[in-house]
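Worksheet for the structure shown next.
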Amino acid sequence: MGRRELLVISFLFLLLISCKSSNEKPKYFNFKEINVENKNGLLMSNNILFTGVIYSLYPDTKDTAEVMGFNNGKENGEWRRFYPNKKLKEQRYFENGIKVKTLKEWWENGKMKISGSFLKGENNGEFKEWNREGRLIKLMNYKLGYEEGSQKQFYDNGKIRSNYVIKNGKRYGLLGTKNCVNVTDSIFQK
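Position in the sequence shown (from 1) plus 352 gives the number in the working numbering.
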């Protein structure tokens, strides 16, 4: 076999190996069966940055409690948590240790609890929160982690608790930190 053929075979072999590793499925590990620790915000296993998916099970039923992905010690991919009744409790996404895409949480009765999105690891866009009965109790807007635009909070009975706007870092409107009673109404009425 000549040098040229050997070089071509070597190149094809390296190409095959590199393709195989990129298509490799993640490895799954039961949390109780793996030795991991957090060192300076990175997940380590035997002093090596951990890559793979860790899952935990409910002890009584052996049903999945949560599934968490990591790449080189950092949170990565879709994370899911479940209630003991197997219903989805929480779904969120990470990319290289940074919160991305969406966060969704549900009450045990299946109704939505929280919904929001992230950009560069920060709250970004509309965030909503509901009570157990499904009534909206918060409607907040964010821009890269800071409140921006219309912000509303409601009592469980649906009445407004706070209603304000953040524009250029300044707040305008009803904050709702007190009883929201107009001072002139309470002082001057006889």
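Don't be surprised by glycine CBs; every beta carbon is placed ideally from N, CA and C.
Please read these numbers as outputs of a predicted model, since none were measured by experiment.
Simplified DSSP assignment, three categories, for residue i
i    : result
K472 : coil
G528 : coil
K426 : strand
K465 : strand
Nearest-angstrom Cβ-Cβ length linking residue i and residue j, presumed shorter than 8 Å
i    : j    : result
Y407 : F383 : 7 Å
E460 : N437 : 7 Å
L471 : L496 : 6 Å
Enclosing beta strand (DSSP E) for residue i [first to last residue]
i    : result
Y380 : Y380 to N382
V452 : I450 to W458
E376 : Per DSSP, E376 belongs to no beta strand (DSSP E) and is neither H nor E.
F446 : L440 to E447
V405 : G404 to L409
V419 : T416 to N423
N387 : Here N387 belongs to no beta strand (DSSP E), and DSSP marks it neither H nor E.
G477 : G477 to W482
Any chain C beta carbon closer than 8 Å to residue i
i    : result
S502 : No chain C is part of this structure, which consists of one protein chain only.
Return the chain-ordered ranges of every beta strand (DSSP E) run that is complete within the stretch 484-526 and spans a minimum of 3 residues.
-> 488-495, 501-506, 512-519 and 522-526
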